[in-house]
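Asks: Which chain is which? The protein sequence lines are L and V, in order.
For what it's worth, our numbering labels the leading residue of the first sequence as 1, then goes sequentially.
For what it's worth, our numbering labels the leading residue of the second sequence as 229, then goes sequentially.
Where a beta carbon is used, it is the ideal one built from N, C-alpha and C, also for glycine.
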Amino acid sequence: MHNSRKVRLNMRADRKETLRYLGYRGQEIDPVTAQIIEETAAELEQGSSPKSIYREYDCQVSGNTVNIGGLEIHSHNLAVNLRGCVRAVLLAATIGRAADFMIRKYTVSNMAKMSVVQAAGAACIESYVDEVQNEIQRNAKERGLYLRPRFSPGYGDFALEYQKDIFRMLECEKRIGITLTEGNLMMPSKSVTAVIGLTYKEQESCHMKSCSLCAKTDCEFRQEGEQS
Amino acid sequence: MSFKERLGKELLFFDGAMGTMLQERGLTSGELPEVWNAERAEVILDIHRQYLKAGCDIIKANTFGANPFKMKGTGYTCEELTGKGIEIAKRAIAQSGRKAYAALDIGSLGRLLEPLGDLSFEEAYEAFLPMCVAGEQAGADLCLIETMNDTYEIKAAVLAAKEHTNLPIVVTMVFDESGKLLTGADLEAAVAMLEGLKVDALGLNCGFGPDVMQGFLPKLREATSLPIVVNPNAGLPVVVDGKTCFHVGPQEFAGVMKKIAREGISVMGGCCGTTPAHLRALVDACRDLAPMELRDKNRSVVSSYTHAVEFDSPKIIGERINPTGKSRLKQALRDNDLEYIYKEALAQQDKGAHILDVNVGLPEINEVEMMRAAITGLQGITDLPLQIDTSDPEAMEVAMRLYNGKPLLNSVNGKQESMDAVFPLAAKYGGMVVCLTLDEHGIPDTAQGRIKIAEKIIAEAAKYGIAKKDLLIDTLAMTISTGQDNAKITLDALHEVRHVLGVHTTLGVSNISFGLPQRERVNTAFFTMALSQGLSAGIINPNSEAMMAAYHSYCALSGSDSQCQSYIAKYSKQEAQAKAQSSDSGEIRLFDAVVRGLAESANQAAKKELKTRKPLEVIDEELIPALDQVGQGFENKTVFLPQLLMSADAAKAGFDAIKEHLQANGDASESKGVIVIATVKGDIHDIGKNIVKVLLENYGFQVIDLGKDVDPELVVETAKKHQVKLVGLSALMTTTVANMEVTIKLLKEELPDCKVMVGGAVLTQTYADLIGADFYSKDAMGSIRYANELFQV
C-alpha cells in the first residue's frame, strides 16, 4: 500500500521555531549570537540523518480501551482522541544521533551552541514528523480517510510503558535505529513516536492540540489558541 | 573440512530468512521467535530442512534474539533457547546428510550503549557471553554476529565470542543509503576495527535488496582484506495492512546476486523476505562460480567510531593530553577534572589534529581508572581516533577494550619485556603500534643502531601476526643542544625505515629543541625536514600556528594537497579574519567581554586586570556584576538563553585566568559553598542541570555534578559526605518526577537540614510543593538567586 520507511538526507531546522524553543521573545539579537545560531543549526542539519517508519492497523475503541492491530492500550485520553476511528497509524521518527553528540560536545566547549543544538534539534524533529504526517494524510485522503491529531506515549494518561509495544510493532531499533532506555525514554533523544487515528468523518477530525491535555499551564512553549 | 578451511576458497551459501518463514507459520508480532525452539521445534527444523534442500551450506540457528535482555519474562533462559536453537540446526544438518554448518546467530541486544544509551560496554559484553558459551557447547560451527548497526556493540559481541569460544567469527552490518551505520560509522571505520579484532569474515546484511547492496561493494572490497559476506533482503520492506512484505522474487534476487558474486564475494545468502525458493535460485545461479582470490590491501589505518585515518599522507597527532611538563593538566588529573581534558581534545581537533594522544599517568593517581574514565569520556565528545599512551600494560588493556575502533598504541620499544607486554594486546584487540627504537642498552647514537632495533621489533611483531603495516617506527628525536649530529641521526634512520624497511614512521618532534631558546623556530624547520625524509605522523602541538603552517605548507609543496586546496581553504580564510580582527582591535574591558559573551576576550582581559588588581577585586567588581546584569536581563527577557550562556562561558574563561593566576602564586580559589546536583534516576535529560551547573560555578559555588540517571542513594551519600546545605535535582518527564520525590524523601530523612531545589520541564510550583521540594526554580537564574540567598552571599 505504501512505503513504510522514509529516509531523507537533508534536514532543515526552521529558524523561527529554533528561536521559539530558545525562549526568544523579540530580544535584540547581536551579530555574534546570530552567527552562533546560524553556524550551529547548519552543523546540526549537516549531521542529521532523519529516518522514519509507520504502519497502519485496524483500530477499535471501547470505553477507555483502544485496540490497535491487536495492541490493547488503556488510556482515557487516547480513547477520546481515537473515538470513531477505524484505522490508526503507528509512527516513529528520528533525526539521528548527531544532535546528542553535539550536545555532549558543546556542553564542554560552548554552552550557547549546546542550547542551539537542543532547540534546533527540537525544531528539526517536529518539522520532520509534520512532513511524514503530511504523507500519511495524502495517502489517507485518497481512501476518504481523515487524520486525528497525533498523540504520543507520555501525553495525558497514555503511559510511557506502551513505547515497548510500539517499538516491537514498528521494529524501530532495526529499521530506524531508535532504542529505549530502561525507563522507556528514546535514544537518540530527538525522536518521536505517535499514534494517528484515521476516520471517515471529516467533522470528527478535530484539531485539538496536545497542549490542551498538559497540566503545565504556565509553560513557555504552550501552543496558543487551542481548546482545553 | 571445517567452515574456516573452506571460507574464501570456495563460494559458500548462507540460508535465507527465518523470521519471514515463521510469520507465515503463524508467529505474531508480539512473539519472540526463539521461544519456538522450545515450543514448536518441529517448525524450526522444517525451515532449516528446506534451506538445506535448497543447497545452503550454512544454517543460521534460530538464536538471533536469545540474549538475556530479550529472554526476560519468557520463562526460558538465554542458555536454554540458544542451546536448543543450535541443536535443532545440527539435527536438520545431520538429517540432510549434507556437509553443512550451524551458525550461532547473534543479533543486537536492543539497547543502546553508552555514551548515547544507558548500557555500559561491559554490560553488553556480559549479555553476549552466555549466548556464545551455550552456542559452542551445543555444537555450533561458527558465530555469526549480524544485523548490527553499532561498532561498539559489535566489539562487545566479538570479544565475548573470542574470549570464551574457539568459533570462527563472521560479522555482518546494516549500512544506510549514505553508506554509514546508524552510529555514523563509515565502512572503512567498521572494517578497520573488525580486521583489528581479527574476525574471519565481514560484510553486509538486511536493510536493502541486493541491487542497493551492490553499490557498497566496490568500497568494501577496497577497504578489506577479509572474505566478504552478503546477505541482502528480498528488496526494501513494504508494509501492507500492518504486515511487512518484500517484493523481489527468487529469479530477480538470484540474477543480481550472480552479478555481485563476480565482484569478489566469499559467502552469500539472504535476510528478511528471502525464502527457500530465493536460495535455491541463488545456489543454482552461482554454484559454479569461484570466489575472487583474497588480496592483502596493506593499508595502515587507525579508526574512531566514525571514520578511519590512513597513513597514506602525513598526519598530525595532537600531543597536548600528556601531563609531562604541563602543571595545569597535572592539577586537572589530580582533581579528577575530566572537563579540562575534553577541552584540550576539542581545541586540538579544531586546530586540525587527526589523532589525539591520551596520556593520563601521574604517580599519585590511579592511572587505570583515570584511563578508563578519559577514554570513555573522550569518545563521547570527539570523533578523532585516539592514541593510547601509557607504560602501564593494565591501563593499556583497559583502554583498548573500551576503545570503539582501532587505536594507536604508544608505545612498545626494543626491550623484550616491553614487546612481551604490548604485542599480545595489539594482536588481540587490534591497533597500530608506535615502536621506539631503544632497547635494554638505551638509545643507540647511530642511525644504524636504531634501524637494527626497528628490524628487531618488526621481526618480533611478526611472531604475533602483527604486520609491518600496523607499526609506526619512532626513530627518536633527541635535542640538538646536547649533540650536534642528533637531528641527522634521527632523520637518517627515519629515511631508511620508511624507504628501505617500508614501515611508517613517527616522531615526538619538539624534543629536538629541548634546552634551546625560541624552540618553535627549530621545531618547524625540523618538522619540515622530517616530513621530507618520510615522516608519516608528527606528534606535535596543534595549537602552535607555526607547526601547523609548516605541515600545511609541506603538504602543498610535496603534492599531497591536491591543487593546494586545503592550504588555500585554510589560509585565505585566515587572512580575512586577521583583517577583521585588526579593524576591531579596540580593547575590551572584562565587564563588557562577559556581557557581550566573548570568551577569548574575557580571558585576555582578566589576565590584564590581574596585573594591577587583586583576584577578589576582579571577581567582585567585574565578573559578578557583569553576570548579574546579564542574569537580570534574562529574567526581564531582554536577554535570551544563548546570550546568557555565551556570557556564562565568557565568565568561565575569565575565572580560568584567575584560577591559573592563583595557582601560579600557590593560592587556592575559595568556594562560596558546596552544592550537589543531579538529574534523577530514570531520566537522561540533563541539559537544564548542566546549564545550572555552569551558572552556579560562575557565581563561585563548588558544584558536585553526579550526572544523569542518578540513584537516590548516591545523591544522599554524596550530600552526607560533603555535608552540603543544598542539593539541586532535575527531571524532565512526569514519570521521573516520581523518582525526584523518592530522592527528596530520602534526603529529608537522612539530612533534615539540607535544602532541595528542583527544576525541569514538567514541574510547577504546586507539583514541587507536593513532592516536598524547598524551592522550585522556574529557570536557571532562579537557582542562582536561591543559592545566593541560602549561602547569604
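#1: Buried or exposed for N967 of chain V, going by 16 or more other Cβ atoms inside 10 Å?
#2: Would you mind telling me which residues of chain V sit closer than 7 Å to K174 of chain L, beta carbon to beta carbon, in chain order?
#3: Using a Cβ cut-off of 9 Å, pull out every chain L residue sitting near E925 of chain V, in sequence order please.
#4: Three or more beta-carbon pairs under 8 Å between the stretch 340-353 of chain V and the stretch 603-610 of chain V, yes or no?
#5: Distance, Cα to Cα, T971 of chain V vs V908 of chain V?
#6: What's the call for R749 of chain V, buried or exposed, on a 16-neighbour Cβ count within 10 Å?
#7: In whole angstroms, what separates the C-alpha of R600 of chain V from that of A896 of chain V?
#8: Apply the 10 Å Cβ neighbour rule to P745 of chain V and answer buried if 16 or more other Cβ atoms are within range, or exposed otherwise.
#9: With a cut-off of 8 Å, do at least 3 Cβ pairs link the stretch 36-55 of chain L to the stretch 140-153 of chain L?
#10: Hey, out of V:G283, V:R268, V:I287, V:E267, whose CA is closest to H276 of chain V's CA?
#11: Check each candidate in V:G501, V:P296, V:K447, V:R339 and name the one with the smallest Cα separation from Q251 of chain V.
#12: Reducing DSSP to helix, strand and coil, say where L664 of chain V ends up.
#13: Closest by CA to R97 of chain L, which one among L:G183, L:Q118, L:D58, L:N81?
#14: Which residue marks the beginning of the alpha helix (DSSP H) containing S639 of chain V, and which one marks its end?
#15: Give me the subset of the stretch 240-255 of chain V whose CB atoms are less than 8 Å from a CB atom of chain L, sorted by chain position.
#16: Between which two residues does the beta strand (DSSP E) containing Q615 of chain V stretch?
#17: Got a sec, what are the start and stop residues for the alpha helix (DSSP H) Y1014 of chain V sits in?
#18: Taking the alpha carbon of A413 of chain V as the point to measure from, which residue in V:Y380, V:D848, V:G435 has its own alpha carbon closest?
#19: If T375 of chain V and S336 of chain V are in contact, beta carbons under 8 Å, what's the gap, nearest whole angstrom?
#20: Can you list, in chain order, the residues of its chain with a C-beta nearer than 8 Å to that of G311 of chain V? Leave out the 5 residues immediately preceding and following it.
#21: Using the rule of at least 16 other Cβ atoms within 10 Å of the residue's Cβ for burial, across every protein chain shown, is G437 of chain V buried or exposed?
#22: At a cut-off of 8 Å, is M874 of chain V close to the ligand GTP when judged by its beta-carbon and the heavy atoms of the ligand?
#23: Assuming contact is defined by CB atoms lying nearer than 9 Å, are T302 of chain V and L332 of chain V in contact in what I supplied?
#24: So for D812 of chain V, helix, strand or coil by DSSP?
#25: Find the nearest neighbour of I125 of chain L within the set L:Q35, L:A99, L:L90, judged by alpha-carbon distance.
#26: Nearest to A536 of chain V by CA position, among V:D611, V:P460, V:G928, V:C792, is which residue?
#27: Would you mind telling me which residues of chain L sit closer than 9 Å to P343 of chain V, beta carbon to beta carbon, in chain order?
#28: List in chain order: all unbroken alpha helix (DSSP H) runs of 4+ residues lying wholly within the stretch 411-438 of chain V.
#29: Against chain V, with Cβ distances strictly below 9 Å, would S296 of chain L count as a contact?
#30: Does any residue of chain V have a CB that is nearer than 9 Å to the CB of N184 of chain L?
#31: Note down, in chain order, every chain V residue with its Cβ under 7 Å from the Cβ of P153 of chain L.
#32: Check the Cβ-Cβ distances between E171 of chain L and every residue of chain V, and say whether any is below 9 Å.
#33: How about N439 of chain V: is its C-beta nearer than 9 Å to some C-beta of chain L?
#34: With a threshold of 9 Å between beta-carbons, can S191 of chain L be considered close to chain V, or not?
#35: Scan the stretch 262-330 of chain V and note each continuous alpha helix (DSSP H) run of 4 residues or more that stays entirely inside, going in chain order.
#36: Using CA coordinates, which residue listed in L:D30, L:L19, L:R12, L:Y24 is at the minimum distance from L44 of chain L?
Replies: Reading from the atomic positions:
#1: Within the second sequence, residue 967 of chain V is the residue found at index 739, counting from 1. With 16 or more Cβ atoms within 10 Å of its Cβ, N967 of chain V is classed as buried.
#2: Residue numbering aside, residue 174 of chain L sits at position 174 when the first sequence is read from its first letter. Result: T375.
#3: Residue numbering aside, residue 925 of chain V sits at position 697 when the second sequence is read from its first letter. Within chain L, no residue comes near E925 of chain V; the closest Cβ sits about 11 Å away, beyond 9 Å.
#4: yes
#5: Position 743 of the second sequence, counting from 1, holds the residue named residue 971 of chain V. Position 680 of the second sequence, counting from 1, holds the residue named residue 908 of chain V. Their Cα atoms are separated by approximately 8 Å.
#6: By 1-based counting over the second sequence, the position of residue 749 of chain V is 521. Exposed: under 16 other Cβ atoms inside 10 Å.
#7: Walking along the second sequence from the start, residue 600 of chain V turns up at place 372. Walking along the second sequence from the start, residue 896 of chain V turns up at place 668. The alpha-carbon atoms of R600 of chain V and A896 of chain V are separated by roughly 28 Å.
#8: Within the second sequence, the letter at position 517 stands for residue 745 of chain V. Exposed, because fewer than 16 other Cβ atoms sit within 10 Å of the Cβ of P745 of chain V.
#9: no
#10: As a position in the second sequence, residue 276 of chain V is number 48, starting the count at 1. The residue with the shortest Cα to Cα distance from H276 of chain V is V:I287.
#11: One-based indexing of the second sequence puts residue 251 of chain V at position 23. Ranking the options by Cα distance to Q251 of chain V, first place goes to V:G501.
#12: Your numbering for residue 664 of chain V matches position 436 in the second sequence. Note: L664 of chain V maps to strand in three-state DSSP.
#13: Taking the first sequence and counting its residues from 1, one reaches residue 97 of chain L at position 97. Comparing Cα positions, the closest option is L:Q118.
#14: The sequence position of residue 639 of chain V within the second sequence is 411, counting from 1. Where S639 of chain V is concerned, there is no enclosing alpha helix (DSSP H), although the beta strand (DSSP E) it sits in stretches over 636-641.
#15: none
#16: As a first step, residue 615 of chain V is located in the second sequence; it is residue number 387 there, counting from the start. Its beta strand (DSSP E) spans residues 614-617.
#17: Mapped onto the second sequence, residue 1014 of chain V falls at position 786. Note, Y1014 of chain V: alpha helix (DSSP H), 1008-1018.
#18: Position 185 of the second sequence, counted from the start, is the residue given in the question as residue 413 of chain V. Per the Cα distances, V:Y380.
#19: For the purposes of this step, residue 375 of chain V is taken as the residue at position 147 of the second sequence. For the purposes of this step, residue 336 of chain V is taken as the residue at position 108 of the second sequence. Right, their Cβ atoms sit about 6 Å apart.
#20: Translated into positions along the second sequence, residue 311 of chain V becomes position 83. Only A362, G363, Q365, A366 meet the Cβ criterion.
#21: Locating residue 437 of chain V in the second sequence gives position 209, counting from the first residue. G437 of chain V is buried by the Cβ-count criterion.
#22: Judged by which ligands are present, the structure shown has none, so any question about the ligand GTP falls away.
#23: Position 74 of the second sequence, counting from 1, holds the residue named residue 302 of chain V. Position 104 of the second sequence, counting from 1, holds the residue named residue 332 of chain V. No. Outside cutoff.
#24: As a working mapping, residue 812 of chain V is identified with position 584 in the second sequence. Unreliable placement is indicated for D812 of chain V, whose pLDDT of 49 sits below 50; no coordinate value is reported for it.
#25: Locating residue 125 of chain L in the first sequence gives position 125, where the first residue counts as 1. Considering only alpha carbons, the answer is L:A99.
#26: Counting from 1 along the second sequence, the entry for residue 536 of chain V is found at position 308. The shortest C-alpha separation from A536 of chain V is found at V:D611.
#27: Taking the second sequence and counting its residues from 1, one reaches residue 343 of chain V at position 115. Neighbours of P343 of chain V on chain L, chain order: D100, F101, R104.
#28: 415-424
#29: For residue 296 of chain L there is no data in the structure shown, the boundaries of chain L being 1 and 228.
#30: Within the first sequence, the letter at position 184 stands for residue 184 of chain L. Chain V contact via Cβ: present.
#31: Within the first sequence, the letter at position 153 stands for residue 153 of chain L. By Cβ distance, chain V contributes nothing, its closest Cβ being about 10 Å from P153 of chain L, past 7 Å.
#32: Position 171 of the first sequence, counting from 1, holds the residue named residue 171 of chain L. With 9 Å as the cut-off, E171 of chain L counts as an interface residue toward chain V.
#33: The count along the second sequence starts at 1 and reaches residue 439 of chain V at position 211. Before going further, note that residue 439 of chain V is Asp rather than Asn in the sequence given. Not an interface residue.
#34: The sequence position of residue 191 of chain L within the first sequence is 191, counting from 1. Taking Cβ atoms only, chain V never reaches closer than 9 Å to S191 of chain L, which makes this a no.
#35: 264-267, 269-281, 296-299, 306-324
#36: As a first step, residue 44 of chain L is located in the first sequence; it is residue number 44 there, counting from the start. Answer by Cα proximity: L:R12.
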